[in-house]
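Student:
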Amino acid sequence: MKTAMSGKYAGQPALKDVFKDDFHVGVALSLDQISGNEPIAISLVEEHFDSITPENILKWEEVHPEPNKYRFEVTDRYVAFGEKHKMHIIGHTLVWFHQTPDWVFQDESGKPLGREALLEWMRDHIFTVMGRYRGRIQAWDVVNEAIAPDGQFRKCKWLDIVGEDYVLKAFEFARQADPAAELYYNDYDLENQSKREGAIRLIRGLQEKGVRVDGIGTQGHWFLDSPSLDEIETSIVALSEPGVKVMVTELDVGVLPFYPLDSKVVELSSFDPESQKKYNPYPNGLPDSVQKDLANRYAELFSLFRKHRDRLGRVTFWGVHDAQSWRNYIPIRGRTEYPMLFDRQCKPKLALDAIVRAAQTKSGNIGG
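Its first residue numbered 0, the sequence shown is counted upward by one per residue in numbering that gives the first Met the number 0.
#1: Identify, in the order they occur along the chain, each residue of the same chain with its Cβ nearer than 7 angstroms to the Cβ of residue 252, setting aside the five sequence neighbours on each side.
#2: Let's see if you can read the secondary structure: which residues bound the alpha helix (DSSP H) around residue 99?
#3: In three-state DSSP terms, what is residue 107?
#4: Do the region 327-334 and the region 261-275 meet, that is, are 3 or more Cβ pairs less than 8 angstroms apart?
#5: Using 8 angstroms as the limit for Cβ to Cβ distance, is residue 201 near chain C?
#6: My guess is that residue 213 and residue 183 are in contact by the Cβ rule of under 8 angstroms, so how many angstroms apart are they, rounded?
#7: With a Cβ-Cβ cutoff of 8 angstroms, do residue 67 and residue 61 count as a contact?
#8: Is the region 38-57 touching the region 88-97 in the sense that three or more CB pairs, one from each, lie closer than 8 angstroms?
#9: Rounded to whole angstroms, what is the Cα-Cα separation between residue 94 and residue 323?
#10: Within a Cβ cutoff of 6 angstroms, which residues of the same chain sit near residue 7, ignoring the five residues on either side of it in sequence?
#11: Tell me the residue span of the alpha helix (DSSP H) that contains residue 239.
#12: For the alpha helix (DSSP H) containing residue 288, name the first residue and the last one.
#13: Exposed or buried, which one is residue 260 when buried takes at least 16 other CB atoms within 10 Å?
#14: Assuming residue 310 and residue 245 form a contact by the criterion Cβ under 8 angstroms, report the distance between their Cβ atoms to the nearest whole angstrom.
#15: Which residues in the same chain as residue 113 place their Cβ atom closer than 8 angstroms to its Cβ, once the five residues preceding and following it in sequence are excluded?
#16: Run the CB neighbour count on residue 357, radius 10 Å, all protein chains shown included, and call it buried at 16 or more, exposed below.
Below, the structure is given as structure tokens:
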């Protein structure tokens with residue numbers, strides 16, 4: 000078995016080997032990493048992971064920024080890297096309400112497009128992007144975050160112009176563009192019963208119309224104490240009931256105090272000194288006690304994942320190291336977060352060892 004030879008836990012097995020009989024262990028790659036600017040982080044990716052997802056480069060505003068302009072240079076590197084290391088390559092994401100340029104929904108005069116014109120843009124985008132990597136990217140997040148917390152369709156321009164069947168059309172186009180690719184629906188907060196039931200209704204509705212959906216991704220942006228393991232387990236079991244693969248697609252565990260996430264990011268500097276300490280309590284490093292809490296949380300999660308390995312196809316971390324994480328700047332810009340398995344120097348944290356131990360023992364709890 001190949002082993003990691005650097006850092007505090009030198010000689011421990013690589014994650015992809017520990018779980019090779021259970022599910023893929025993946026990671027999200029940043030633009031810098033794909034571009035070769037973080038060699039240490041990339042060495043960790045090569046060592047520990049057998050699946051990759053791009054953070055941003057395949058979102059519409061990045062890969063298709065103007066009507067007649069596509070940017071594939073970085074994505075070509077991403078796919079080539081995955082192929083070189085025989086990884087399970089994910090495309091993220093084709094249709095989303097966010098990070099889609101305004102021009103997509105407008106005609107040349109700036110007026111809203113009609114249904115058929117917007118569907119033609121969708122088809123062109125999906126056929127062009129998927130077509131370039133047909134047979135090379137094995138799986139795609141076709142539609143991202145289409146369901147609101149109440150279980151109904153999220154209000155967005157796709158819904159306003161096309162209607163609820165915009166999701167169906169996206170899957171139909173994707174299936175035509177690459178019949179062999181696995182096609183997924185991806186969303187967050189599916190531990191929320193109303194939202195989860197809405198997502199399941201969506202998948203079942205597509206299936207009833209003859210549209211094949213291969214999997215559903217639950218993002219896994221969780222915290223030390225929430226949601227509960229019972230809530231996560233209930234969600235995994237329920238999401239598998241339509242007969243699709245379940246993936247944990249964007250796993251990270253926040254250790255900082257919760258602050259409501261809305262449409263506006265706030266600056267840490269805008270808070271009074273006392274609130275800054277409250278919401279950013281560890282600016283200079285994570286205390287040992289919290290390191291252990293994080294390790295125990297990850298150990299419990301992976302024990303649960305392994306219990307349901309027959310339902311799970313993949314578990315993907317949303318970032319290689321702490322400095323890469325979106326949690327440093329959303330919902331409060333300027334915080335210092337510690338949600339990943341590797342610290343800002345790309346050194347392994349106690350959580351990495353805890354996950355390995357969780358897979359090797361009945362209980363991954365490391366004490367506290």
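Glycine residues also receive a C-beta, built at the ideal position from the N, C-alpha and C atoms. On a predicted model such as this, the values are computed, not experimentally measured, just so you know.
Tutor: Taking the geometry as given:
#1: Within the sequence shown, residue 252 is the residue found at index 253, counting from 1. Within the same chain, residue 252 has close Cβ partners 221, 222, 223, 293, 296, 297, 338.
#2: Sequence index remark: in the sequence shown, residue 99 carries index 100 (1-based). First-last for residue 99: undefined, no H or E at that position.
#3: Sequence index remark: in the sequence shown, residue 107 carries index 108 (1-based). In the structure shown, residue 107 sits in coil (DSSP, three-state: anything other than H, G, I, E or B).
#4: yes
#5: Judged by its chain identifiers, the structure shown contains no chain C, having just a single protein chain.
#6: As a first step, residue 213 is located in the sequence shown; it is residue number 214 there, counting from the start. As a first step, residue 183 is located in the sequence shown; it is residue number 184 there, counting from the start. That pair is a contact at about 6 angstroms.
#7: Stepping through the sequence shown from its first residue, residue 67 is reached at position 68. Stepping through the sequence shown from its first residue, residue 61 is reached at position 62. Not in contact: residue 67 and residue 61 (Cβ atoms no closer than 8 angstroms).
#8: yes
#9: Taking the sequence shown and counting its residues from 1, the one referred to as residue 94 is at position 95. Taking the sequence shown and counting its residues from 1, the one referred to as residue 323 is at position 324. Just so you know, the alpha carbons of residue 94 and residue 323 end up roughly 24 angstroms apart.
#10: Stepping through the sequence shown from its first residue, residue 7 is reached at position 8. Because the pLDDT at residue 7 is just 44, under 50, the model does not fix this residue reliably, and the point stays unresolved.
#11: Reading the sequence shown from its first residue, position 240 is the one you call residue 239. First-last of the alpha helix (DSSP H) with residue 239: 228-239.
#12: As a first step, residue 288 must be located in the sequence shown, where it is residue number 289. Taken as a continuous stretch (DSSP letters only), the alpha helix (DSSP H) holding residue 288 covers 287-306.
#13: As a position in the sequence shown, residue 260 is number 261, starting the count at 1. Label assigned to residue 260: exposed.
#14: Within the sequence shown, the letter at position 311 stands for residue 310. Within the sequence shown, the letter at position 246 stands for residue 245. Contact holds; Cβ gap of about 5 angstroms.
#15: Residue 113 sits at position 114 when you count from the first residue of the sequence shown. Correct list, in chain order: 160.
#16: The residue labelled residue 357 in the question sits at position 358 within the sequence shown. With 16 or more other Cβ atoms within 10 Å, it is buried.
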